[in-house]
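Visitor: Quick note: the sequence shown, position 91, residue 92 per our numbering, numbers continuous.
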Amino acid sequence: MSLQLDPIRDTLIARAETLWLEETGAFRNGDGTDPYLPSSLFIAYILYSIDGLDAVSIDRSRWTDWIRSQQSEKDGSYCFPPPLGSNIPRKGIAPWNAKRVLGILGSGLAHFTEYQREASDVAGLHDWFRAWASLGDSHQEVLALAPMLASHPDDT
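Now the structure itself:
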């Protein structure tokens with residue numbers, strides 16, 4: 002017995018297209034009407050994993066431009082909305098997802114993640130991990146350091 006996955010793939014592609022907001026170049030979340038960064042990033046993973054990036058009828062350059070526009074010019078951060086029961090935006094999961102998705106889409110971050118610069122040397126990284134452990138933050142915050150450490154500017 003074999004399982005036919007093409008109909009599932011087609012359904013996922015069709016659903017992604019219904020979430021696309023042409024006027025902004027981003028995806029919305031469910032029945033929402035506003036662009037939503039998590040959806041705009043996670044849909045890229047889904048489409049990539051089913052070899053569907055070229056199957057959707059969307060403007061990829063507008064998509065990457067919108068994602069890049071969500072990065073703070075001031076400190077280079079990306080933020081996801083706070084989880085339920087919190088008022089602290091999730092800066093950990095957002096930048097590493099943005100970095101990975103922009104890579105999948107053939108682009109990159111617009112700005113260096115300045116807010117992480119203090120963790121870009123051994124002493125700063127040690128201090129950062131000590132603070133992270135004392136706060137009990139999730140592993141997502143640690144994952145957020147990987148793109149910064151991998152793409153650190155040579156001039157510092």
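By construction, the Cβ of each residue, glycine as well, lies at the ideal position given by its N, Cα and C atoms.
1) Beta-carbon within less than 6 Å of proline 36's beta-carbon, same chain only, minus the 5 sequence neighbours each way: which residues are those?
2) Would you list the residues sitting across from alanine 27 in a DSSP beta bridge?
3) Measure from the alpha carbon of phenylalanine 113 to the alpha carbon of each residue in Ala99, Val123 and Ile47, then state which is nearest.
4) Between Arg16, Ile89, Asp66 and Cys80, which has its C-alpha nearest glycine 53's C-alpha?
5) At what residues does the alpha helix (DSSP H) containing glutamate 142 begin and finish?
6) Between the C-alpha atoms of serine 73 and cysteine 80, what's the straight-line distance to the nearest angstrom?
7) For serine 70, is the classification buried or exposed, using 16 other Cβ atoms within 10 angstroms of its Cβ as the cut-off for buried?
8) With a 10 Å radius around its C-beta and 16 neighbouring C-beta atoms as the bar for buried, classify alanine 145 as buried or exposed.
9) Please classify lysine 75: is it buried, with 16 or more other beta-carbons within 10 angstroms of its beta-carbon, or exposed?
10) According to the Cβ coordinates, are alanine 111 and leucine 38 closer than 8 Å?
11) Opposite proline 36 in the DSSP bridges: which residues?
12) Below 8 Å on the Cβ atoms is my contact criterion, and I expect isoleucine 47 with leucine 6 to pass it. Report the Cβ-Cβ distance as a whole number of Å.
13) Sort Asn30, Gly125, Thr19 and Ile44 by Cα distance to leucine 106 and report the nearest one.
Guide: So, from the data block:
1) Residue 36 sits at position 35 when you count from the first residue of the sequence shown. Excluding positions up to five away in sequence, the list reads Leu22, Thr25 and Ala27.
2) What you label residue 27 is simply residue 26 of the sequence shown in a count that begins at 1. For alanine 27, which the question treats as bridged, DSSP gives the partners Leu22.
3) Against the sequence shown, residue 113 aligns to sequence position 112. Each of Ala99, Val123 and Ile47 was checked against the Cα of phenylalanine 113, and the nearest Cα belongs to Ala99.
4) Here residue 53 refers to the residue found at position 52 when the sequence shown is read from its first residue. The candidate whose alpha carbon is nearest that of glycine 53 is Arg16.
5) The residue you call residue 142 lines up with position 141 of the sequence shown. Note, glutamate 142: alpha helix (DSSP H), 140–144.
6) As a first step, residue 73 must be located in the sequence shown, where it is residue number 72. As a first step, residue 80 must be located in the sequence shown, where it is residue number 79. If you take the alpha carbons of serine 73 and cysteine 80, they lie about 9 Å apart.
7) What you label residue 70 is simply residue 69 of the sequence shown in a count that begins at 1. Serine 70 should be labelled exposed.
8) If you number the sequence shown from 1, residue 145 lands on position 144. Its Cβ being crowded by 16 or more others within 10 Å, alanine 145 is buried.
9) Numbered from 1 along the sequence shown, position 74 holds the residue referred to as residue 75. Flag for lysine 75 reads exposed.
10) Sequence index remark: in the sequence shown, residue 111 carries index 110 (1-based). Sequence index remark: in the sequence shown, residue 38 carries index 37 (1-based). In this structure, alanine 111 lies away from leucine 38, with their beta-carbon atoms at least 8 Å apart.
11) Translated into the one-based positions of the sequence shown, residue 36 becomes position 35. Looking at the DSSP assignment, proline 36 forms a beta bridge with Arg29.
12) Residue numbering aside, residue 47 sits at position 46 when the sequence shown is read from its first letter. Residue numbering aside, residue 6 sits at position 5 when the sequence shown is read from its first letter. Isoleucine 47 to leucine 6, Cβ: 13 Å. No contact.
13) The count along the sequence shown starts at 1 and reaches residue 106 at position 105. It is Ile44.
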